[in-house]
Amino acid sequence: MPSQERQQLSFHRRTQRVVIAHEADIFCRGLHSLLATSEGFEVLAEVNSCTALLEIVATTTVDTVLIDCMLADGDCIELTRRLNEAPSPPHVVLLASRINDELLLRALLNGASGYLTKDTPGHQVLACLEGLRKGELALTPHVASAAIRLLIWECYRLAATFSATTSATGPAIALDQTQAGTPQHRSEPASTETRRPAALPHLTEQEQKILRLLRLGLSNKQIAARLSISPYTVGKHVQHILRKLGASNRTQAASHTSFEGPQVRDEQ
1 MPSQERQQLS
11 FHRRTQRVVI
21 AHEADIFCRG
31 LHSLLATSEG
41 FEVLAEVNSC
51 TALLEIVATT
61 TVDTVLIDCM
71 LADGDCIELT
81 RRLNEAPSPP
91 HVVLLASRIN
101 DELLLRALLN
111 GASGYLTKDT
121 PGHQVLACLE
131 GLRKGELALT
141 PHVASAAIRL
151 LIWECYRLAA
161 TFSATTSATG
171 PAIALDQTQA
181 GTPQHRSEPA
191 STETRRPAAL
201 PHLTEQEQKI
211 LRLLRLGLSN
221 KQIAARLSIS
231 PYTVGKHVQH
241 ILRKLGASNR
251 TQAASHTSFE
261 GPQVRDEQ
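Structure representation (structure tokens):
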């Protein structure tokens with residue numbers, strides 16, 4: 001990315017200045033200690049909210065921000081977008097408890113510079129963050145392999161979508177076999193109605209909220225705590241969402257909304 005290339009020039013000549021955003025997470029606290037005692041890193045601050053992180057980035061030169069995906073006051077993907085819009089955008093590395101396919105793909109497509117799971121050994125964390133100096137992504141081999149698989153899948157999905165659209169609309173011109181390759185235009189174009197993809201089923205406001213949290217990899221219990229409803233109620237909503245989207249599981253439902261329409265929007 002251009003912003004990363006700009007920062008890379010000064011990155012080589014000084015300590016990597018880091019801000020960690022988390023909510024009393026044990027891994028993040030250990031990460032602070034690791035970086036504070038490692039050469040080449042300076043931990044500027046620890047914050048527990050998206051708002052505090054944005055304020056620091058707006059007023060201080062920050063090279064890298066490490067963001068716990070479980071911050072309660074915002075969507076880590078939306079936060080990544082906003083950080084990349086800063087005048088001097090930092091490298092954004094997300095910290096997650098595990099590899100969540102949907103979250104990983106969305107993070108990379110929205111400008112994240114890395115994705116680390118909380119079981120990553122300290123020496124690998126340092127190596128990944130050092131790699132940012134060379135313009136590399138902060139990914140362990142295991143996460144990088146998952147990212148490549150997801151990006152290849154996304155390419156196939158886009159190709160299949162394009163192929164299906166082309167088949168539905170038909171070729172723009174047809175060859176007249178009696179006139180040695182002279183093209184003849186069809187007399188009537190295909191109806192524009194047939195070219196539109198089918199609209200997504202209507203989801204209620206509560207279902208949209210739950211689906212947004214599903215995309216972050218939260219369990220029914222975690223979603224219930226966020227929305228102040230019972231896990232049983234969450235489960236019923238999830239069943240309705242799967243039925244409306246024609247999905248067989250939560251992962252398919254999350255992928256459906258992220259890739260195929262504006263029906264579900266991230267809350268600001």
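Using full-length UniProt numbering, you'd call the opening residue of the sequence shown number 1 and step up by one each time.
Note that the Cβ used here is the ideal one computed from N, Cα and C, for glycine as well.
Output the residue ranges of the alpha helix (DSSP H) runs that lie fully inside the region 29 to 77 and measure 4 residues or longer, sorted by chain position.
The region 29 to 77 contains these whole alpha helix (DSSP H) runs: 50 to 59.
With 16 other CB atoms within 10 Å as the buried threshold, where does residue 155 fall?
What you label residue 155 is simply residue 155 of the sequence shown in a count that begins at 1. Burial call: exposed.
Please classify residue 58 as buried or exposed, where buried requires at least 16 neighbouring CB atoms within 10 angstroms.
As a working note, residue 58 is residue 58 in the sequence shown. Looking at its Cβ environment, which holds fewer than 16 other Cβ atoms inside 10 Å, residue 58 is exposed.
What is the rounded straight-line gap between the Cα of residue 245 and the Cα of residue 210?
Position 245 of the sequence shown, counted from the first residue, corresponds to residue 245. Position 210 of the sequence shown, counted from the first residue, corresponds to residue 210. The straight-line gap from Cα to Cα measures roughly 14 angstroms.
Within a Cβ cutoff of 8 angstroms, which residues of the same chain sit near residue 193, ignoring the five residues on either side of it in sequence?
The residue you call residue 193 lines up with position 193 of the sequence shown. At residue 193 the pLDDT is 40, less than 50, meaning the model places this residue with poor confidence and gives no usable figure here.
Going by the beta-carbon positions, is the gap between residue 50 and residue 95 smaller than 8 angstroms?
Stepping through the sequence shown from its first residue, residue 50 is reached at position 50. Stepping through the sequence shown from its first residue, residue 95 is reached at position 95. It is not a contact, given that the beta carbons lie outside the stated cut-off.
Please return the same chain residues whose Cβ sits closer than 6 angstroms to the Cβ of residue 17, not counting the five positions on each side in sequence.
Here residue 17 refers to the residue found at position 17 of the sequence shown. Result list for residue 17: 42, 44, 62, 63, in chain order.
Can you tell me where the beta strand (DSSP E) holding residue 114 begins and where it ends?
Taking the sequence shown and counting its residues from 1, the one referred to as residue 114 is at position 114. Counting along the chain, the unbroken beta strand (DSSP E) around residue 114 starts and ends at 114 to 117.
Inter-residue spacing [alpha-carbon to alpha-carbon] between residue 196 and residue 143:
Along the sequence shown, read from residue 1 onward, the residue named residue 196 stands at position 196. Along the sequence shown, read from residue 1 onward, the residue named residue 143 stands at position 143. The predicted position of residue 196 is uncertain, since its pLDDT is 39 and thus under 50; a value taken from the coordinates is nonetheless stated next. The alpha-carbon atoms of residue 196 and residue 143 are separated by roughly 36 angstroms.
Which one of 139, 119, 118 has the shortest CA to CA distance from residue 127?
Locating residue 127 in the sequence shown gives position 127, counting from the first residue. That would be 139, whose Cα lies nearest to the Cα of residue 127.
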